[in-house]
Amino acid sequence: MDNQILMPKGGDDYPTNWNQFSEWFHTEESCLAYTERLRWPQGYVCPRCKNQSDPYRSSRGRLICPACRFQSTTTAGTIFDKTRTPLRVWFAGAWYVTNQKHGANALGLQRVLGLGSYQTAWTMLHRFRQAMVRPGRERLHGLVEVDETYLSITDRYAPPATKKKKKLY
Ligand SMILES: [Zn+2]
Numbered sequence: 559m560d561n562q563i564l565m566p567k568g569g570d571d572y573p574t575n576w577n578q579f580s581e582w583f584h585t586e587e588s589c590l591a592y593t594e595r596l597r598w599p600q601g602y603v604c605p606r607c608k609n610q611s612d613p614y615r616s617s618r619g620r621l622i623c624p625a626c627r628f629q630s631t632t633t634a635g636t637i638f639d640k641t642r643t644p645l646r647v648w649f650a651g652a653w654y655v656t657n658q659k660h661g662a663n664a665l666g667l668q669r670v671l672g673l674g675s676y677q678t679a680w681t682m683l684h685r686f687r688q689a690m691v692r693p694g695r696e697r698l699h700g701l702v703e704v705d706e707t708y709l710s711i712t713d714r715y716a717p718p719a720t721k722k723k724k725k726l727y
């Protein structure tokens, strides 16, 4: 296994092709381990008491601080927080969305991931779109070169607005 997956750097270390993608993220555990290494590159730090020793691990992927017993997950506060959709499906969705030159829509995402509901696909796509906007971004300046692309502005059947706002990475 290469170093990118063992010590991934946020913003840099992502699979570069489908073979690598399926090798890195073949199980739910490998996806969880990846997010854990991204979140705590120097090893787990308890979000509550800042203790840095190895956490206990529950069967459902919860990390339990050995000092204060606080339970957390690697996805708390991210776009993957409190979702019933497996991380593997989320990651595959992210791969699909970022590899569609003509833009992705919720129906396409639902089909390609085999999701049971359009609502799930729509929510997923919505969270991806939120995460792809860099907060505090400034206007382009200088010499700007533009490649062709298509952006899907709307989805035909937008479900009712979701209530909770998610914090992004
Ligand atoms: Zn703690």
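Number 566 in this note's numbering belongs to position 8 of the sequence shown; there are no gaps in the numbering.
All C-beta atoms in this analysis are idealised placements derived from N, C-alpha and C, irrespective of residue type, glycine included.
How many angstroms separate the CA atom of D639 from the CA atom of W653? As a first step, residue 639 is located in the sequence shown; it is residue number 81 there, counting from the start. As a first step, residue 653 is located in the sequence shown; it is residue number 95 there, counting from the start. Approximately 18 Å, taken between the alpha carbons.
When the Cβ atoms of the stretch 623 to 632 are set against those of the stretch 682 to 700, are three or more pairs found closer than 8 Å? Contact fails: fewer than three Cβ-Cβ distances are below 8 Å.
Per DSSP, which one or two residues make a beta bridge with L621? By one-based count along the sequence shown, residue 621 stands at place 63. Looking at the DSSP output, L621 sits in a beta bridge with R615, S630.
Just to confirm, is the Cβ distance from V655 to A664 under 7 Å? Within the sequence shown, the letter at position 97 stands for residue 655. Within the sequence shown, the letter at position 106 stands for residue 664. Contact flag unset, no.
Alpha helix (DSSP H) containing L596: first to last residue? One-based indexing of the sequence shown puts residue 596 at position 38. 586 to 597 is the extent of the alpha helix (DSSP H) around L596.
Can you confirm whether the stretch 570 to 587 touches the stretch 597 to 612 when touching is taken to mean that 3 or more C-beta pairs between the two stretches lie within less than 8 Å? With fewer than three CB-CB distances shorter than 8 Å, the stretch 597 to 612 does not count as touching the stretch 570 to 587.
Per DSSP, what kind of secondary structure is M565 in: helix, strand or coil? The residue given as residue 565 occupies position 7 in the sequence shown. Coil, per DSSP.
Do I637 and A689 have their C-beta atoms within less than 7 Å of each other? What you label residue 637 is simply residue 79 of the sequence shown in a count that begins at 1. What you label residue 689 is simply residue 131 of the sequence shown in a count that begins at 1. Closer than 7 Å, so yes.
Identify whether T678 lies in helix, strand or coil by the three-state DSSP scheme. For the purposes of this step, residue 678 is taken as residue 120 along the sequence shown, with counting starting at 1. In this structure, T678 counts as helix in the three-state DSSP scheme.
In terms of residue numbering, what span does the alpha helix (DSSP H) encompassing A652 cover? Here residue 652 corresponds to residue number 94 of the sequence shown, with the count starting at 1. First-last of the alpha helix (DSSP H) with A652: 645 to 656.
Thinking C-beta only, is L590 closer than 7 Å to G619? As a first step, residue 619 must be located in the sequence shown, where it is residue number 61. As a first step, residue 590 must be located in the sequence shown, where it is residue number 32. Contact flag set, yes.
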